[in-house]
C-alpha cells in the first residue's frame with residue numbers, strides 16, 4: 002500500500018504550518034533538527050510550541066534567527082546550498098522541485114529568466130528551513146502520494162519587498178494556476194463571519210509545496226493519523242493546516258509490487274526479511290519543463306547541452322570545474338578528447354542542464370575556465386523511469402536503483418555511494434558487498 006499525505010487547508014497553507022502539522026503528526030523534533038543541521042546554514046534554531054485554538058491542539062513552528070539580516074537569495078544560490086548539503090536524495094530532489102516551480106512562477110511574473118530570479122521573503126533562512134524541513138518530514142513518513150483539498154485564497158493586499166501586492170500574491174496565483182488547483186468560494190459563516198475574509202491564507206511557500214507535489218482531489222485512503230500546524234494570524238476559526246495521513250488501497254504508481262527473493266541468503270545472514278522499504282525516493286533531478294509519457298512507456302523531456310573547447314587548461318583545473326558544475330545543479334559533466342586547429346590536442350567540455358539552470362552554468366564555465374564563450378543546443382531525450390528504494394541487508398540498509406518502463410521494474414542495481422558507505426563501516430571489500438547484494442536481487 003502506498004503511504005499518502007492529504008493536505009486539508011481549511012485555513013490555507015504556509016511553510017511553517019506544513020512543518021508544524023508534520024511535527025504534530027509524529028515527526029520527531031530532534032530528528033528534524035539533526036537533519037536540518039546538514040544544510041550549510043548556521044545561526045538558526047527550530048522551536049516547536051504546543052498551541053490550541055477553539056479547543057484543537059497542534060504545533061506552531063518557529064524558526065529563530067540569531068542574527069537577522071539576510072532576507073533574500075538568488076535562485077541559483079539556493080540550488081547550490083541544497084546540492085551542497087548531505088541530506089537524503091529524496092529531500093534534495095523534492096526541495097529543488099519546490100524551489101524550481103517557485104522560480105518559474107517568479108520569472109514569468111517579473112519577465113526574467115528563472116536562473117536570474119531573486120527570492121526575497123522566500124529566500125530568507127526561515128523559508129528555506131520550512132521547505133527543506135517539510136521535505137525531511139515527507140521522507141521520514143515515507144509518503145509516496147500527495148493530495149490537496151480546495152484552497153481559501155483570501156483577499157485584500159499584503160506588504161512585500163515589491164510594495165503592496167494583491168492577495169493572492171501573483172506568484173502564488175501563477176503556481177496554483179499551472180497546477181490546476183481547486184479554490185474555495187467566498188461565503189458567510191454563522192454569525193456573519195466572512196470566509197475566507199481579508200488577508201493572505203496561502204503563502205507562496207505553501208503554494209509551491211502543493212503545486213510541486215499534489216493532485217488536487219481527496220483520495221480514497223485508510224486513515225492512519227493526522228496533524229495540525231498553526232500559523233501566526235488570529236482568525237475566527239482555528240488558523241491551522243490539517244494533514245491526513247493514510248494508506249491507499251493500491252500500490253504507488255508507477256511502481257509495481259516488488260519483493261526481494263530471500264532463498265539465496267548472504268553469508269552470516271539470520272533469516273532477515275529482505276524487502277524494499279515503503280519509502281520511495283525519486284532520483285530524477287527536478288523537472289522544470291513538463292515531461293510526456295510516450296506510447297512505449299518512456300518519458301520524453303527537453304534538456305540543454307552546453308559545450309566549449311578547451312586547449313589550455315590543466316587536468317587539475319578541469320577536475321575542479323567538473324565538481325563546481327555538478328554542485329551547481331548540472332545533470333552530467335563529461336570530457337571528450339578532440340583535435341583543434343593548429344594540430345592542438347584539446348578537451349571538449351560538455352554539460353547537460355535543465356533549461357532554467359543553463360545561464361547560470363554557462364556563466365560558471367566562462368568564469369572558472371579559459372573559455373571566452375560556450376555554445377548551447379536543445380535536445381529531446383527519452384528516459385526510463387528511475388527510482389531509489391532502501392533495502393535491509395546483513396550489512397545494513399543500502400539504496401538500490403530501479404529502472405522502470407511502462408510501470409514495470411526492468412532492472413535493480415545497488416547504488417555505488419550506499420555500498421561504499423557500508424564498505425567503510427564494515428571494513429569489507431566494496432566488491433564483496435556489491436556482489437552479495439546483486440545476488441539477492443537476482
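In the working numbering, the protein residues as written are 2 to 443. Glycine included, C-beta positions come from ideal geometry on N, C-alpha and C.
Sequence-distant residues of its chain with Cβ nearer than 6 angstroms to residue 434 (five each side left out): In the chain shown, residue 434 corresponds to position 433, counting from 1. So the list reads 396, 420, 423, 424, once near-sequence residues are dropped.
What three-state label does DSSP hand residue 218 in the structure shown? Walking along the chain shown from the start, residue 218 turns up at place 217. DSSP places residue 218 outside both helix and strand once states are collapsed to three, so it counts as coil.
In DSSP terms, what residue 149 is bridged to: Residue numbering aside, residue 149 sits at position 148 when the chain shown is read from its first letter. Residue pairing by DSSP puts residue 149 in a beta bridge opposite 8.
Let me know if residue 437 comes out buried or exposed under the rule of 16 or more other beta-carbons within 10 Å of its beta-carbon. Position 436 of the chain shown, counted from the first residue, corresponds to residue 437. Classification of residue 437: buried, given that the 10 Å Cβ count is 16 or more.
Under the criterion of a Cβ to heavy atom distance below 7 angstroms, does residue 31 qualify as lining the ligand NAP? In terms of ligand content, the structure shown is empty, and the ligand NAP therefore cannot be addressed.
Rounded straight-line distance, which links the Cα of residue 324 to that of residue 9: In the chain shown, the residue the question calls residue 9 occupies position 8. In the chain shown, the residue the question calls residue 324 occupies position 323. C-alpha separation (whole angstroms): 42 angstroms.
Test item: CB-CB of residue 321 and residue 18 under 8 angstroms: As a first step, residue 321 must be located in the chain shown, where it is residue number 320. As a first step, residue 18 must be located in the chain shown, where it is residue number 17. Contact: no.
Please classify residue 57 as buried or exposed, where buried requires at least 16 neighbouring CB atoms within 10 angstroms. By 1-based counting over the chain shown, the position of residue 57 is 56. Exposed, since its Cβ has fewer than 16 Cβ neighbours within 10 Å.
For residue 349, write down the residues that DSSP places opposite it in a beta bridge. The count along the chain shown starts at 1 and reaches residue 349 at position 348. For residue 349, which the question treats as bridged, DSSP gives the partners 310, 337.
Taking the straight line between their C-alpha atoms, what separation do you get for residue 54 and residue 243? For the purposes of this step, residue 54 is identified with residue 53 of the chain shown, where counting begins at 1. For the purposes of this step, residue 243 is identified with residue 242 of the chain shown, where counting begins at 1. If I take the Cα positions, the gap works out to 13 angstroms.
Have a look at the DSSP bridge pairing and note the partners of residue 245. In the chain shown, the residue the question calls residue 245 occupies position 244. Beta-bridge pairing links residue 245 to 7, 227.
For the beta strand (DSSP E) containing residue 36, list its first residue and its last residue. Numbered from its first residue, the chain shown carries residue 36 at position 35. From DSSP, residue 36 is part of no beta strand (DSSP E) but of the alpha helix (DSSP H) over 30-37.
Can you tell me which of the three DSSP states residue 292 falls into? On the chain shown, residue 292 is found 291 positions in, with the first residue counted as 1. With a pLDDT of 44 at residue 292, under the threshold of 50, the modelled position of this residue cannot be trusted; read the value that follows with caution. Look at residue 292 here: in three-state DSSP terms it is coil, with no helix or strand label.
Might you give, ordered along the chain, the residues of its own chain that have their beta carbon closer than 7 angstroms to the beta carbon of residue 365, omitting 5 neighbours on each side? Counting from one through the chain shown, the residue named residue 365 turns up at place 364. Closer than 7 angstroms at the Cβ level, and outside the excluded window around residue 365, lie 325, 326, 329.
Name the DSSP beta bridge partners of residue 176, please? Counted from its first residue, the chain shown places residue 176 at position 175. Residue 176 is not bridged to any residue.
Do residue 164 and residue 26 have their C-beta atoms within less than 8 angstroms of each other? Your numbering for residue 164 matches position 163 in the chain shown. Your numbering for residue 26 matches position 25 in the chain shown. No, the pair does not count as a contact, with Cβ atoms beyond the cut-off.
Residue ranges of each alpha helix (DSSP H) run of no fewer than 4 residues wholly in the region 35-87, ordered along the chain? 76-85
So, at 7 angstroms on beta carbons, what are the nonlocal neighbours of residue 255 in its own chain, with the 5 sequence-adjacent residues on each side left out? Residue 255 sits at position 254 when you count from the first residue of the chain shown. For residue 255, the predicted structure reports a pLDDT of 38, less than 50, and the residue's modelled location is therefore unreliable. A value from the coordinates is still provided. Once the five neighbours on either side are set aside, the close Cβ partners of residue 255 are 386, 405, 408.
State yes or no: is the C-beta of residue 132 within less than 8 angstroms of the C-beta of residue 204? Here residue 132 refers to the residue found at position 131 of the chain shown. Here residue 204 refers to the residue found at position 203 of the chain shown. No, they are not a contact pair.
What is the residue span of the beta strand (DSSP E) that residue 1 lies within? Not covered by the structure: residue 1. The range shown for the chain is 2 to 443.
Are residue 190 and residue 155 closer than 8 angstroms when you measure CB to CB? Taking the first residue of the chain shown as position 1, residue 190 is located at position 189. Taking the first residue of the chain shown as position 1, residue 155 is located at position 154. No, these two residues do not count as a Cβ contact at 8 angstroms.
Going by DSSP, which residues form a beta bridge with residue 1? Lying outside 2 to 443, the shown extent of the chain, residue 1 is not represented and no answer is given.
With three or more C-beta pairs closer than 8 angstroms as the rule, is the region 329-341 touching the region 350-370? yes
In whole angstroms, what separates the C-alpha of residue 317 from that of residue 371? Residue mapping note: residue 317 aligns to position 316 of the chain shown, counting from 1. Residue mapping note: residue 371 aligns to position 370 of the chain shown, counting from 1. Taking the straight line joining both Cα atoms gives about 13 angstroms.
Please report how far the alpha carbon of residue 6 lies from the alpha carbon of residue 159, in whole angstroms. By 1-based counting over the chain shown, the position of residue 6 is 5. By 1-based counting over the chain shown, the position of residue 159 is 158. If you take the alpha carbons of residue 6 and residue 159, they lie about 30 angstroms apart.
Specify the secondary structure class of residue 167 as computed by DSSP and reduced to three states. On the chain shown, position 166 is the one that residue 167 refers to. Note: residue 167 maps to strand in three-state DSSP.
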